[in-house]
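Trainee: My structure is below; once you've seen it, I'll send some questions.
Number of protein chains: 2
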Amino acid sequence: MFRHVVMFEWVDGVDDAAIDAMAAALDALVATIPEVVSYVHGPDAGISDGNFDYVMVGDYASIEDYAVYRDHPEHQRIIAEMIKPHVAKRAAVQYHTG
Amino acid sequence: MFRHVVMFEWVDGVDDAAIDAMAAALDALVATIPEVVSYVHGPDAGISDGNFDYVMVGDYASIEDYAVYRDHPEHQRIIAEMIKPHVAKRAAVQYHTG
């Protein structure tokens, strides 16, 4: 399996409703992509100082299947219109999980 | 379920053998902590520019179970002796996964 993990720190004063809309758009998107085995995302729980604000963890059978999700036009639209406008910092890793 | 995700960017010139030893120490540790439901970690696959170098994803039944792992003396020793000396950047999120 192959996993994509990405975290975001939002800009100050980000609109919670905009983040909820982004999350809903991602849920709707991944439901349409059979290559997405699992996609579990959400906001930081707020129990640790200095954390990022949001994390997405997606599982795929292969790098090629991950690329189907990564390059999907609707995913690129969500990134451009619903994620990037709010991002202060981004951190990502893709890794083989077994 | 409650998930802890943490990524590290290592300092330039980090010793791969030191990272392998850190990973082995974590595997040995989590095998001794029944509160750890799942612990999947590894180095970045190198398919994307600008990624961090390493990620750990741990699953626990509750925040309290996560805290057992977080505060475990051997975990604190691994952090102090095997992780922190190599860290250039850290990014973390804890979140409720359902």
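Top to bottom, those sequences are chains V and Y. For the first sequence, our numbering assigns the number 56 to the initial residue and increments by one for each residue that follows. For the second sequence, our numbering assigns the number 56 to the initial residue and increments by one for each residue that follows. Here a beta-carbon is modelled for each residue, glycine too, at the ideal position from N, C-alpha and C. Keep in mind it's a predicted model, so treat the numbers as computed, not measured.
1) At which residues does the alpha helix (DSSP H) containing Met-56 (chain V) begin and terminate?
2) Looking at the secondary structure, which residues open and close the alpha helix (DSSP H) in which His-141 (chain Y) lies?
3) At which residue ranges does the segment 75-134 of chain V contain complete alpha helix (DSSP H) runs of 4 or more residues, listed in the order of the chain?
4) Contact between the segment 75-84 of chain Y and the segment 92-101 of chain V: three or more CB pairs below 8 Å?
5) Under 8 Å, Cβ to Cβ, is there at least one residue of chain Y near Asp-70 (chain V)?
6) Taking only the alpha-carbon atoms, compute the straight-line gap between Ala-164 (chain Y) and Ile-118 (chain Y) and give it to the nearest angstrom.
7) Show which residues of chain Y have a CB atom less than 8 Å away from the CB atom of Ser-103 (chain V).
8) Taking the alpha-carbon positions, what's the Glu-136 (chain V) to Ala-73 (chain V) distance?
9) Checking contacts by CB at 8 Å: is Pro-128 (chain V) closer than that to chain Y?
Mentor: This is what the structure holds:
1) Reading the first sequence from its first residue, position 1 is the one you call residue 56 (chain V). Premise fails: Met-56 (chain V) is in no alpha helix (DSSP H) and is neither H nor E.
2) Reading the second sequence from its first residue, position 86 is the one you call residue 141 (chain Y). Careful: His-141 (chain Y) lies outside any alpha helix (DSSP H) and carries neither H nor E.
3) 118-126 and 128-133
4) no
5) Along the first sequence, read from residue 1 onward, the residue named residue 70 (chain V) stands at position 15. No - not a single Cβ of chain Y is within 8 Å of the one on Asp-70 (chain V).
6) This structure leaves residue 164 (chain Y) out entirely; chain Y is present only between 56 and 153.
7) Numbered from 1 along the first sequence, position 48 holds the residue referred to as residue 103 (chain V). Neighbours of Ser-103 (chain V) on chain Y, chain order: Ala-147 and Gln-149.
8) Indexing the first sequence from 1 puts residue 136 (chain V) at position 81. Indexing the first sequence from 1 puts residue 73 (chain V) at position 18. C-alpha separation (whole angstroms): 10 Å.
9) Numbered from its first residue, the first sequence carries residue 128 (chain V) at position 73. No, no contact with chain Y.
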